[in-house]
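In order, the protein sequence lines correspond to chains A and B. So for the first sequence, this note's numbering puts the first residue at 1; every next one is plus one. So for the second sequence, this note's numbering puts the first residue at 1; every next one is plus one.
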Amino acid sequence: MVNFLIIIFIITLLYMAKNDVIKQYIFILAFQGLILFVVALLELKNIDIPHLLLILLETLFFKGVFVPIFLYRLAKRGKLRRNYKGLLSGNASIGMAILIVIVSFTIAHAFHDQQLQIKYFTAAMSAMAIGFYIAVNHKDIISHLISFLVIENGIFLLSLALGSEMPMFVNAAILLDIFTTVLIMGMFFNKVQQYFDEALVDKLTHLKD
Amino acid sequence: MVINFFIVSILLAGAAFLIKNRNVNHLLVMAHSLFTLYLTIYEFRHLGEIQAVYFRADSLSIIFLTVLSLVTFMSSLHYTSYTVRGEVPMSFVNIHNFSTILFNTAIVGVLLAAHFGVLWAMIELTTLTAAMLIQHDRNETSMEATWKYLFVCSIAITIAFAGVLFLGIATQEAQSFDFSFDSIKSVASILDPNWTKACFLFVLTGFSVKMGLVPMFNVDIDAKDVSPSPVGAKLSSILVNAGFVSIYRFYEVFSGTEIHQWMNRVIIITAIISLFFAAVYMLKVRNIKRLLAYSSMEHAALAMLAFASGGIGYFAAVFHLVLHSLIKSSIFFQIGQLHNVFGSKLDIDIKDYLKVNPVGGLVLLTGFCSIIALPPSGMFISEFLIFQSIFESHRFWLLALSFLLLLFIIYGMGSRLLTIIFNDDDTGHKPNTKNARIGESLVQLGVIVAVFYIGFFKPTFIVNMIQTAVQTLP
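So this is what it looks like as structure tokens:
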């Protein structure tokens, strides 16, 4: 079951790399939050109640509901439907994402580590690298915000590689990170839109040497 | 005590956010700086004592806590004047002072943390609070800088967090599930070197954004440029120190393992590339605040070169960062004044500063002599020790390359600052001498003279503190 969910997660990453519709990005982020919740529930068997509640809060409520709604409102207010076309086209982006997954798997395999759960490591590294790819490939600020959340999902999966011994602070830290950063980034996103006609990185060129 | 400090800080920050009386608001920030100094003295008396499970002071914390108290106190004084001169709206002051108190508190947390998770969380908090400080002026450039800073720092801190997780995977193999420095250090020698290398690489990359080093340095430069000078001073001094301490904690834990030399090589690569970028940009940049920001990058890189060279280099790195913090913050404060006098940050608009504002000009001149490590400035001694350590590590190519890059840096710095100080042609902006504050300049001059004294006479107390701080390193 977990393997199946991880594969679905990786497929969502590939779709994200190709996608350019903001609504779909947001839907996929919510779906990833749900996947992460089920994976964590299945994997962390010896988990205590406070820890479980924290993960529930982090994945299902926060990643699955709160952040997508917040992003949807931001996009609606900014009248954003599609992100600006990236440097690489959709098919090339899928090719790039597949390459990232293969490289991540190869690296995970190369470690030959008993403790390391290859499936988590592959998915985590793929999510982080594809997150970076989305940030680099797209010029609009909302894509950057989404790429950050994809990277955070990768970090969550990486924390699952620590298994049921995962210290509670790891989850608390991820939660704090997303909560504060997304909120503050959201606030600044609105501000940036006030000062610049379009929320494009290309417009942010006032600072030069 | 640490918990009390955090509680009082949060209360003071809340009060700074709400109170509309300008003077009372500024006093809150000064009171917080003095409270930080009190905490420093308390921690000095309780060295090595674990507090609230996750915190403990060592000599390194005390050294940088002292610097933090001094710089934040001076910064609060200068910000008071900045708000009066610039007619800054009260709502801006509220947010600035609120963020300043939280920013300083987060730095205290970084310096006192004895647990990798807490250390990371505190660094994260510095990002959020620094972002609020950078957006102070709320115009196009400050919004741009804030957005970039927030985004790149968030990514960088996430990378550092991945490093902490790699450490978690490594310690799990050693059946250790505690992330405290002591616990990790006790099992460090049996950790899988592949994981510890990955951990260090990610942590160095992530925290490079705080030290202003390659690869994440660029947002740091923008932040120091657009923020008010008192904020730029803090970002160039105490935040650099916090970045250094964060990297130091990981380095110290792994220094007794087989990856020690590998870590040194990685640090040297990062530092020398940073020095190269600093040299290139300092030759071309016309904006004085950006010039100073690149200069901070240069000095952070020099400190890391010494650190990776080992031996006397450990001492030199810490000593250099302490002196740099004091000098750089003083110059930043003076640049704020210079900006007010000439209404520009560009070197072509500013001329004959020594004549226009003699005390301010003297600050800039002595600051320049210090920052390029001209004898008998204190930084001459620390840089001498840095190069001695590189020489003793037999990396002669590194020594030659560093000297070459420093030549370019000194030329870049000198050609800009000396033109500002001495050039008396009338092509610049018309100065408004009413904005020159002799009192402020005298405070800055006092700090620079103190650095001359510390560097040259090396007071035993300071030397002993730094030696104790680095004695755990091989």
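Cβ coordinates follow ideal geometry from the N, Cα and C atoms, glycine included. Note that the structure is a prediction, hence the values are computed from the model and not measured.
| Asked | Found |
| --- | --- |
| Who are the neighbours of H217 (chain A) on chain B, taking C-beta pairs under 7 angstroms? | Residue 217 (chain A) is absent from the model: chain A starts at 1 and stops at 209. |
| Give me the Cα-Cα distance between L128 (chain B) and V209 (chain B), rounded to the nearest whole angstrom. | 13 angstroms |
| In the structure shown, what three-state DSSP assignment does F55 (chain B) receive? | strand |
| Rounded to the nearest angstrom, what separates H260 (chain B) and D20 (chain A) at their Cα positions? | 45 angstroms |
| Helix or strand or just coil, what does DSSP make of S377 (chain B)? | coil |
| With a cut-off of 8 angstroms on the beta carbons, I'd call V108 (chain B) and L68 (chain B) a contact; round off their distance for me. | 7 angstroms |
| Entirely within the segment 121-147 of chain A and at least 3 residues each: give me those beta strand (DSSP E) ranges in chain order. | none |
| Helix, strand or coil for H394 (chain B), going by three-state DSSP, please let me know. | coil |
| Give the interface partners of K191 (chain A) over in chain B, defined as CB-CB distance under 9 angstroms, in chain order. | Q135, R138, M143, T146, W147 |
| Pick out whichever of B:E298, B:Y251, B:E252 has its Cα sitting closest to the Cα of L213 (chain B). | B:E298 |
| Just checking my contact of L34 (chain A) with L60 (chain A) at CB under 8 angstroms: how many whole Å lie between their CB atoms? | 7 angstroms |
| Looking at A300 (chain B) and the ligand MG, is the gap between the Cβ and the nearest heavy atom below 7 angstroms? | Ligands displayed in this structure: none; no statement on the ligand MG is therefore possible. |
| Give a yes or no on whether the minimum CB-CB distance between V108 (chain B) and chain A is below 8 angstroms. | no |
| State the start and end residues of the unbroken alpha helix (DSSP H) segment that holds L80 (chain A). | No alpha helix (DSSP H) holds L80 (chain A); DSSP gives it neither H nor E. |
| Alpha helix (DSSP H) containing T141 (chain B): first to last residue? | 140-173 |
| Could you name the residues of chain A that Y42 (chain B) contacts, counting a contact when the two beta carbons are closer than 9 angstroms? | Going along chain A, no residue has its Cβ under 9 angstroms from Y42 (chain B), so there is no contact; the nearest lies around 26 angstroms. |
| Figure out for me which residue from B:A106, B:D347, B:A300 has the closest Cα to the Cα of D209 (chain A). | B:D347 |
| Under 9 angstroms, CB to CB, which of the residues in the segment 273-288 of chain B have a partner in chain E? | In the structure shown, chain E does not exist; the protein chains are A and B. |
| Which one of B:T366, B:D352, B:V322, B:K345 has the shortest CA to CA distance from I466 (chain B)? | B:V322 |
| Does V2 (chain B) come out as helix, strand or coil in the three-state DSSP assignment? | helix |
| At a Cβ cut of 7 angstroms, what residues of the segment 49-80 of chain A count as close to chain B, listed as they run along the chain? | none |
| Quick check: the Cα distance between L418 (chain B) and I288 (chain B), rounded to an integer number of angstroms? | 12 angstroms |
| State the CB to CB distance for the pair P376 (chain B) and F456 (chain B), rounded to an integer number of angstroms; the pair is presumed to be in contact (CB under 8 angstroms). | 5 angstroms |
| Alpha carbon to alpha carbon, what distance is there between S180 (chain B) and A52 (chain B)? | 13 angstroms |
| Taking the straight line between their C-alpha atoms, what separation do you get for L13 (chain A) and G64 (chain A)? | 16 angstroms |
| Counting only runs of 4+ residues fully inside the segment 214-255 of chain B, write out the alpha helix (DSSP H) ranges in chain order. | 218-226, 229-236, 238-254 |
| In the DSSP assignment, find the unbroken alpha helix (DSSP H) run with P431 (chain B) in it and report its ends. | Per DSSP, P431 (chain B) belongs to no alpha helix (DSSP H) and is neither H nor E. |
| In whole angstroms, what separates the C-alpha of V482 (chain B) from that of N340 (chain B)? | What is shown of chain B runs 1 to 474, which leaves residue 482 (chain B) out entirely. |
| Residues in the segment 364-379 of chain B with C-beta within 9 angstroms of chain A's C-beta atoms, listed in sequence order? | none |
| State yes or no: is the beta carbon of A97 (chain A) nearer than 8 angstroms to at least one beta carbon in chain B? | no |
| Going along chain A, which residues have a C-beta under 8 angstroms from R290 (chain B)? | D209 |
| Shorter than 8 angstroms from the beta carbon of S159 (chain A) to some beta carbon of chain B? | yes |
| From which residue to which residue does the alpha helix (DSSP H) around K18 (chain A) run? | 2-18 |
| For A279 (chain B), which residues does DSSP report across the bridge? | According to DSSP, which records beta bridges pairwise, A279 (chain B) is partnered with nothing at all. |
| Please compile the residues from chain B whose C-beta is within a distance smaller than 7 angstroms of the C-beta of E152 (chain A). | T158 |
| State the CB to CB distance for the pair F55 (chain B) and L18 (chain B), rounded to an integer number of angstroms; the pair is presumed to be in contact (CB under 8 angstroms). | Rounded, the Cβ-Cβ distance is 28 angstroms, inconsistent with contact. |
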